[in-house]
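One structure below.
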Amino acid sequence: MTPGTKALWVHLCLVVLLFALNFLLPEYHRGILSRVMVLSVFAMGYNLAFGYAGMLSLGHAMFFAAGLYGAGLTAYHLGWSVWPAFGAGFAAGTILAVIAGILALRTKGVAFMIVTLMFAQTFYLATLYFTTYTRGEEGLVLPQSARALSLFGISFSLTDPTVRYMLALVLLALVLFALLLLVRSSFGRALVAIRENEERMRMLGYDVFANKLSALIVSAAVCASAGAAYALLFGYAGSGFASIQYSILPLLWVLLGGAATTLGPIFGTLFMFYAVDITSSYTDAYMVVVGLALILLILYFPKGIAGAIRERWLPWLP
Amino acid sequence: MAALRPLLATERLSRSFGGLKAVDNVDFCLAEGETRALIGPNGAGKTTLVSLICGRMPASTGRVLLEGRDISRLPAHKRVRQGIAYTFQITSIFANLSVLDNVALAAQRQFLDERSSSRGRVEQISLDALAQVGLAPYALQRAGSLSYGHQRLVEVAMGLALRPRLLILDEPTQGLSDGEIETFIALIRAVGEFTTVLLIEHNMDVVMALAERITVMDQGRVLAEGTRDEIRANPAVQRAYLGSVR
Ligand SMILES: Nc1ncnc2c1ncn2[C@@H]1O[C@H](COP(=O)(O)OP(=O)(O)OP(=O)(O)O)[C@@H](O)[C@H]1O
Ligand SMILES: [Mg+2]
Chain W
1 MTPGTKALWV HLCLVVLLFA LNFLLPEYHR GILSRVMVLS VFAMGYNLAF
51 GYAGMLSLGH AMFFAAGLYG AGLTAYHLGW SVWPAFGAGF AAGTILAVIA
101 GILALRTKGV AFMIVTLMFA QTFYLATLYF TTYTRGEEGL VLPQSARALS
151 LFGISFSLTD PTVRYMLALV LLALVLFALL LLVRSSFGRA LVAIRENEER
201 MRMLGYDVFA NKLSALIVSA AVCASAGAAY ALLFGYAGSG FASIQYSILP
251 LLWVLLGGAA TTLGPIFGTL FMFYAVDITS SYTDAYMVVV GLALILLILY
301 FPKGIAGAIR ERWLPWLP
Chain Y
1001 MAALRPLLAT ERLSRSFGGL KAVDNVDFCL AEGETRALIG PNGAGKTTLV
1051 SLICGRMPAS TGRVLLEGRD ISRLPAHKRV RQGIAYTFQI TSIFANLSVL
1101 DNVALAAQRQ FLDERSSSRG RVEQISLDAL AQVGLAPYAL QRAGSLSYGH
1151 QRLVEVAMGL ALRPRLLILD EPTQGLSDGE IETFIALIRA VGEFTTVLLI
1201 EHNMDVVMAL AERITVMDQG RVLAEGTRDE IRANPAVQRA YLGSVR
C-alpha cells in the first residue's frame, strides 16, 4: 500500500468508528461527541491557517461566530430554513475572511496576531452593541420551527440526538476528506513550504500573498461552516462564541492534537473537552488542573498527539 | 558580442540603506546567451544589484529592463515567471523536505497555471536538474542532512528546475571542495550553452574558466567591464580588487 492509500484507510476507519459510536455510546456521551465533532471542524479550519500555512491568527473566533450568527440571525429573525441559514453563515465567514485577509496579511508575526485579534474584538463588540438583535451574552435560542431540515423530501428535526449526531459526523467527514485532499495537493505543499521559508518560495515564482489569502479564506469557510452548524444543531447563538476565548481554544486544540496533521484537531478537541468535563465534576478549580495537564502534554509531546504518533510510529500520517 | 540583443539592462539603478549607497547609478547590460561574471570586494554591492534585478528588494531609483520591457514594477514572483532565477548566497533550501521535493517545488510552479495533470513531468524535470548537478543519488534524502557543498548544489538545481532564461548564481562555489568546483565548472559550461548566466564569484579560477566577460563592482559602482584579459590588465581593478586578494 502506498502512504496515500494507508492514510486514506486510517481516515475512513475513524469515520466508521465515529459512526459506530452513535449506537454504542450512552446518551450523555453521544451529546458530547456531537458537540466535539462540530468544534473539531472549527479546529480543522484553524489548523489549515495555523498548522499548515503558518499564520498564527488570534482572531478565528470571528469566523466561527460569523457562521454562528449568519445562520442564527437569519433563522431567528427572518425565519430562514436550515439550508439557506447555513449558507448565510458560510457566506458571512467567507466574506469576512476576504476583507480581514487582505488587510491582515500585509503584516506577519506579532503584528499579524494583533491585527487578527483586533478584527475579532471588533466583531465581538459588534455582537454586544447590536444586543437588540443578538441578545448579547444571553444569546438567541432558535425555535423548534427553525430547526426542521428537509432532505430528500423527508423532514428531520435537528433536536433529535441521532439526527444531530449524524449531521455533525457528515460535516466532519466532508471537511476531513476535503482537507486531506487539499493538504496533499500542490497547493497544500506550497503552503507548507511558504510556512518554512516565504522568501525562498517567492523566488521560486510563487505568489505568497495570494497563496496565504486563499488558505485563510478556505480556513475561515471551514470555521464558519462549523459555526453555522453549531447554531442550527444546538439551537443557540451567543456572543460568548465571538469572545477571545474562542480564538484561543482552537489554537490549544490544534497544538494539543498536533499542528499540521489532518487528524490532530479531532484528537485535541476531544481530549480537551473531556479533560474539562471530567475535572469539573470533581473540583471547581478545574481550570488549574486542565492547565497543568496542558503544560505536561506540551512538555512531553511538543508536536501534539497526532504529531507524536507520526514522529514515533507512522511517518506517513498526513 | 555586441551584435547580440540585450536580454537584461539596468538604467541608473540605485539602492541606498540609510546613508549608504549600496548600488549607485548602475547601468548594466547583459547579452542573450552570454555567461558573465560579477566580481568585486566584500560589500561592493553585488548581491544588492542582483537583488534589485530579480525583485527581492525594491530599487530606490532607476529601471530594470528585460528584453526592453520595463519590469521595475513587477513583484519578484512575476519576474521569476518571466525567466529570472536567483540562487541564494546564503543557502536557503527546505531542510525538512527531501532533495527531490525541494527541486519539485521549483519545477511544479510552472504547471500550476496550466492546470494540466503534470506530476510525471514535474518529477522528470526535477530528476533531470538533480542529475545535472550530480545529486541524483541523494534525491530521497532529507535536504538538511546533506553536506554543506551538496546543499549549495541543491540550491543550484532549484534554479535549473525553474528553466530560466537568466540564471543568477550568487557565490555558488562557496564551501565546495576542489573536486566539486571542477564538476561545477563543467555544469555551468553546459548550462551556459542555452541559458544566460550571471555569476557572482570570488574564486578567480572559476571566473576565468567560465566568464566571457567580467564586470567589476566597487562601492556600489561599476568599476570596469571587459574581457578576461582587459580586466586582468586594468590597473584600477588591480588596486581595488585583485591587489587586495593576492
Ligand atoms: N538589508 C541591508 N540593510 C542594510 N545594509 C545592507 C543591506 N544589504 C546590504 N547592505 C550593505 O550594502 C553594502 C553592499 O552589500 P552587498 O551584500 O550587496 O555586497 P556584496 O558585494 O554582495 O558583498 P559580499 O561579497 O560580501 O557578498 C554593504 O555595505 C552591506 O553592508
Ligand atoms: Mg553578496
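Just so you know, the sequences run in chain order W and Y. Note that the numbering used here gives residue 250 to position 250 of the first sequence, counting from 1, and the numbers run on in steps of one. Plus 1000 on top of the position in the second sequence (first one is 1) and you've got the numbering used here. All C-beta atoms in this analysis are idealised placements derived from N, C-alpha and C, irrespective of residue type, glycine included. Everything numeric in this text was worked out from a predicted model, so none of it was measured.
Cα-Cα separation, residue i to residue j
i                  : j                  : result
GLY1040 of chain Y : ASP1218 of chain Y : 6 Å
ILE244 of chain W  : SER157 of chain W  : 32 Å
ALA1209 of chain Y : ILE1084 of chain Y : 23 Å
PHE273 of chain W  : ARG184 of chain W  : 29 Å
MET1 of chain W    : SER1092 of chain Y : 34 Å
PRO3 of chain W    : ILE309 of chain W  : 15 Å
ILE194 of chain W  : ALA97 of chain W   : 19 Å
VAL141 of chain W  : ALA228 of chain W  : 14 Å
SER1060 of chain Y : GLY1045 of chain Y : 14 Å
VAL38 of chain W   : VAL1103 of chain Y : 39 Å
PRO315 of chain W  : THR261 of chain W  : 11 Å
LEU191 of chain W  : ALA1107 of chain Y : 16 Å
LEU48 of chain W   : TYR133 of chain W  : 32 Å
ALA65 of chain W   : VAL254 of chain W  : 18 Å
LEU1100 of chain Y : GLY1144 of chain Y : 12 Å
GLU944 of chain Y  : GLY93 of chain W   : Nothing can be reported for residue 944 of chain Y, as the shown portion of chain Y is limited to 1001 through 1246.
LEU78 of chain W   : ALA1076 of chain Y : 49 Å
THR1173 of chain Y : ALA1131 of chain Y : 18 Å
LEU179 of chain W  : LEU249 of chain W  : 20 Å
GLY31 of chain W   : PHE241 of chain W  : 19 Å
ARG35 of chain W   : ARG1119 of chain Y : 40 Å
ALA43 of chain W   : PHE267 of chain W  : 10 Å
MET113 of chain W  : MET55 of chain W   : 8 Å
ALA237 of chain W  : VAL170 of chain W  : 21 Å
ALA1136 of chain Y : LEU1052 of chain Y : 33 Å
ALA1031 of chain Y : ARG1005 of chain Y : 6 Å
SER1016 of chain Y : THR1048 of chain Y : 10 Å
ASN1096 of chain Y : GLN1141 of chain Y : 10 Å
Residue i in three-state terms, based on DSSP
i                  : result
GLY4 of chain W    : helix
GLU199 of chain W  : helix
GLY51 of chain W   : helix
ALA237 of chain W  : strand
GLY1226 of chain Y : strand
LEU24 of chain W   : helix
VAL161 of chain W  : The question names Val, yet the displayed sequence has Pro at residue 161 of chain W. Reduced to three states, the DSSP call for PRO161 of chain W is helix.
ILE1214 of chain Y : strand
SER34 of chain W   : helix
ALA1002 of chain Y : Residue confidence is low: ALA1002 of chain Y scores 46 on pLDDT, short of 50, so the model does not pin down where it sits. Its coordinate-derived value is still stated next. Residue state, collapsed to three classes: coil.
PHE156 of chain W  : strand
LEU1199 of chain Y : strand
LEU317 of chain W  : coil
LEU56 of chain W   : coil
Beta carbon proximity, residue i to chain W, threshold 7 Å
i                  : result
VAL1216 of chain Y : no
HIS1150 of chain Y : no
GLN1089 of chain Y : no
SER1092 of chain Y : yes
ALA1106 of chain Y : yes
ALA1076 of chain Y : yes
VAL1080 of chain Y : yes
ARG1239 of chain Y : no
TYR1138 of chain Y : no
ARG1232 of chain Y : no
ARG1165 of chain Y : no
ARG1109 of chain Y : yes
Within-7 Å CB hit, residue i to chain Y
i                 : result
SER214 of chain W : no
TYR230 of chain W : no
ASP284 of chain W : no
TYR206 of chain W : yes
GLY59 of chain W  : no
ARG310 of chain W : no
ALA193 of chain W : yes
GLU198 of chain W : no
SER185 of chain W : no
MET203 of chain W : yes
Residues passing the C-beta test against ligand 2 heavy atoms, cut-off 7 Å = Output, sorted by chain position: Y:LYS1046, Y:THR1047, Y:GLN1089, Y:ASP1170, Y:GLU1171 and Y:ILE1200.
Could you name each continuous beta strand (DSSP E) segment of 3 residues or more that falls completely within the stretch 1009-1088 of chain Y, going from the start of the chain to the end?
-> Correct list: 1020-1031, 1035-1039, 1061-1066 and 1084-1087.
Would you list, in sequence order, the uninterrupted alpha helix (DSSP H) runs of no fewer than 4 residues that lie entirely inside the stretch 1100-1182 of chain Y?
-> The qualifying runs are 1119-1133 and 1148-1161.
Go through the stretch 173-219 of chain W residue by residue and report every complete run of the alpha helix (DSSP H) that reaches 4 residues or more, in order.
-> Taking only runs of at least 4 residues, the alpha helix (DSSP H) segments lying wholly in the stretch 173-219 of chain W are 186-196 and 198-202.
Pick out the complete alpha helix (DSSP H) segments inside the stretch 238-283 of chain W, 4 residues or longer, and give them in chain order.
-> Listed in chain order, the alpha helix (DSSP H) runs fully inside the stretch 238-283 of chain W are 245-257 and 264-280, counting runs of at least 4 residues.
Runs of beta strand (DSSP E) wholly within the stretch 76-154 of chain W (minimum 3 residues, chain order) = Within the stretch 76-154 of chain W, the complete beta strand (DSSP E) runs of at least 3 residues are 148-151.
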